[in-house]
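Under this note's numbering, read the first sequence as residues 13 to 382, first letter to last. The next block holds one structure in the form of structure tokens; read it before the comments.
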Amino acid sequence: MSTGFEFEIKSRASRARAGVFNTPHGELSTPLFAPVGTQATVKSVTPAQLEELSAGLVLANTYHLYLRPGDEIIAQLGGLHSFMHWYRPILTDSGGFQVFSLADSRKIDSDGVTFKSHIDGSTHRITPEKSISIQENLGADIIMAFDECGSPYDVVKNEIALERTHAWVDRCLKAKTRSDQALFGIIQGGVYPELRKRSAEYLCGLDLPGYAIGGLSVGETKPETLSILELLDVCLPENKPRYLMGVGSPEDLVAGVQRGVDIFDCVLPTRLARHHTAITHTGRINIANARYVSEKSPIDDRCTCYTCRNFSTAYLRHLVLAKEILAATLLTIHNLNTLIKLMNDIRQSIIDARFDQFATNFFEHWDKIE
RNA sequence: GUGCCUAUGGUGUAGCGGCAACACAGAUGACUGUGGAUCAUCUAUCACGGGUUCGAAUCCCGUUAGGCACC
Numbered sequence: 013m014s015t016g017f018e019f020e021i022k023s024r025a026s027r028a029r030a031g032v033f034n035t036p037h038g039e040l041s042t043p044l045f046a047p048v049g050t051q052a053t054v055k056s057v058t059p060a061q062l063e064e065l066s067a068g069l070v071l072a073n074t075y076h077l078y079l080r081p082g083d084e085i086i087a088q089l090g091g092l093h094s095f096m097h098w099y100r101p102i103l104t105d106s107g108g109f110q111v112f113s114l115a116d117s118r119k120i121d122s123d124g125v126t127f128k129s130h131i132d133g134s135t136h137r138i139t140p141e142k143s144i145s146i147q148e149n150l151g152a153d154i155i156m157a158f159d160e161c162g163s164p165y166d167v168v169k170n171e172i173a174l175e176r177t178h179a180w181v182d183r184c185l186k187a188k189t190r191s192d193q194a195l196f197g198i199i200q201g202g203v204y205p206e207l208r209k210r211s212a213e214y215l216c217g218l219d220l221p222g223y224a225i226g227g228l229s230v231g232e233t234k235p236e237t238l239s240i241l242e243l244l245d246v247c248l249p250e251n252k253p254r255y256l257m258g259v260g261s262p263e264d265l266v267a268g269v270q271r272g273v274d275i276f277d278c279v280l281p282t283r284l285a286r287h288h289t290a291i292t293h294t295g296r297i298n299i300a301n302a303r304y305v306s307e308k309s310p311i312d313d314r315c316t317c318y319t320c321r322n323f324s325t326a327y328l329r330h331l332v333l334a335k336e337i338l339a340a341t342l343l344t345i346h347n348l349n350t351l352i353k354l355m356n357d358i359r360q361s362i363i364d365a366r367f368d369q370f371a372t373n374f375f376e377h378w379d380k381i382e
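Written out as structure tokens, the structure reads:
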């Protein structure tokens, strides 16, 4: 009988892979882009709209949902899928990253982290065991090990964070009781190849159902990011999905797939949508720009999303300047469609054995507007 | 018609003889395991014409345009 979390590679093109990952809430076709729904909602769009976009996986967040409304409340209400009315796969981040990026102050020790809520200043403590307990209450299909994300250029702190992250993943595994959730480990190590390699080797020894790459796109240079991905590509097992956390610009998605990454998530498309920037097949455009005041054509003439099928750029600009909520919704639909479509095109090109050509063509045309 | 008051960016205001400031609006950019937040940069020949002064948004005279009062 299957465990429910097999990863099957259907096709390869160089180091890129097209696969299928099985979860209790359905299959995920990879390479995959996952929209972020931190507070049990992908901001400004409904689950029905996400389905129409063919979104496969949605992220939610342990730190935020633990603080509000509380993981036990969500468990009482039947778990996250039912709570947010999204019955396709969900992944919850462990909360490690948010403790460091959002909490007003935090104190970390080998056992866990004590921090003050960014909402009301109240004091809380999260340990690996607590993070798993919260994530079991939430009930996502994929859950993440509690980790410490160091700053990319501090080798001493990175080594400490790495050892801590390794000790914590062991504790997460021990604390885990549900068999219908896959626990992914997170590789840390900043920009340091030795640390990254050590982290990958340690986690691979645990034979987890998937491996996440953390601590990238947090301030290091692009060549550094790519060389770490290339290093990890040869360290990680072929038959497990690789998840690059927090990365989601179109060029990064293509570059990531080229280096063997299967899953990505990122706030970028939804955040940019709320900040009046559209992602097109050739680059970003700022919808608020005065040049679009009477532009009749849609944002992207090649796009077939609901927004581009029905609305002029001039109308979207009007909504943006008038600060209407619909601006965020329509731009979010468009931006998510652009990334999801990009991943579908990448997947098809891998299956058709023409991914290298696809990538070359993509980089030739990317960011060449005007 | 007479008297008094006012005139500073797109809007509303500060500055009262020494580098024209603030808020909003506007423009441009940033945003990568989410604070619908935020941040950065830009946007004025101080109504017009003359005078006093080393120096005028500021003081004086006139013009124009508003406001108030009286008739």
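Glycine is no exception: its CB is placed at the ideal position from the N, C-alpha and C atoms. Keep in mind the model is a prediction, meaning the values are calculated, not measured.
Note that the C-beta distance between P43 and M355 is below 8 Å. DSSP places H136 in the uninterrupted beta strand (DSSP E) bounded by 135-138.
A157 places its beta carbon less than 8 Å from that of L195. As DSSP reads the structure, C320 sits in no beta bridge. Within a 10 Å sphere around the beta-carbon of T350 sit 16 or more other beta-carbons, which makes this residue buried. Taking 8 Å as the upper bound for CB-CB distance, T292 and D274 are not in contact here, some 25 Å apart.
Residue state for I299 is assigned as coil, using DSSP reduced to three classes. At the C-beta level, F45 and F276 come within 8 Å of one another. A334 sits in coil when the DSSP states are folded into three classes, being neither helix nor strand. One Cα belongs to T282, the other to L69, and the distance between them is close to 15 Å. Nearest Cα to N170 within the set L228, S191, Q147, T189: L228. A direct Cα-Cα distance of roughly 44 Å separates T233 from Q88. DSSP places A290 inside the beta strand (DSSP E), whose first and last residues are 289-291. The Cβ atoms of T126 and M96 lie no closer than 8 Å to each other.
Residue pairing by DSSP places M156 opposite F196 in a beta bridge. The criterion of a C-beta distance shorter than 8 Å is satisfied by I299 and L343. Residue pairing for Y255: DSSP places it in a beta bridge opposite A224, I275. When C-beta atoms of the region 334-343 are compared with those of the region 25-40, fewer than three pairs fall below 8 Å, so the two segments do not count as touching. Closest in alpha carbon position to T294, among N373, R359, A302, H330, is N373. Where G268 is concerned, there is no enclosing beta strand (DSSP E), although the alpha helix (DSSP H) around it starts and stops at 262-270. In the three-state reduction of the DSSP assignment, R24 falls in the strand class.
Of the residues assessed, G151 falls on the buried side of the cut-off, its CB having 16 or more other CB atoms within 10 angstroms. Exposed is the label assigned to K308, since fewer than 16 other Cβ atoms lie within 10 Å of its Cβ. The beta carbon of L79 is closer than 7 Å to those of S129, I131 in its chain, skipping five residues each way along the sequence. In the displayed model, P101 falls within coil according to three-state DSSP, outside both helix and strand. A residue is called buried when at least 16 other Cβ atoms come within 10 angstroms of its Cβ; K119 does not meet this threshold and is exposed.
N322 and V266 have their C-alpha atoms some 29 Å from each other.
Rounded to whole angstroms, V279 and G258 show a C-alpha spacing of 7 Å.
Going by beta carbons, L174 and I225 fall outside the 8 Å limit.
The C-beta distance from C161 to F109 rounds to 5 Å, short enough to fall under 8 Å. For the options E376, H377, V203, D368, the alpha carbon positioned closest to that of S26 is the one of D368.
In the structure shown, L44 adopts extended strand secondary structure according to DSSP, grouped into three states. Within the region 44-100, the runs of alpha helix (DSSP H) that reach at least 4 residues and sit entirely inside it are, in chain order, 59-64, 74-79, 83-88, 92-96. Per DSSP, the beta-bridge partners of A30 are S23. Look at V167 here: in three-state DSSP terms it is helix. Linking L207 to G197 through their CA atoms gives a straight-line distance of about 15 Å.
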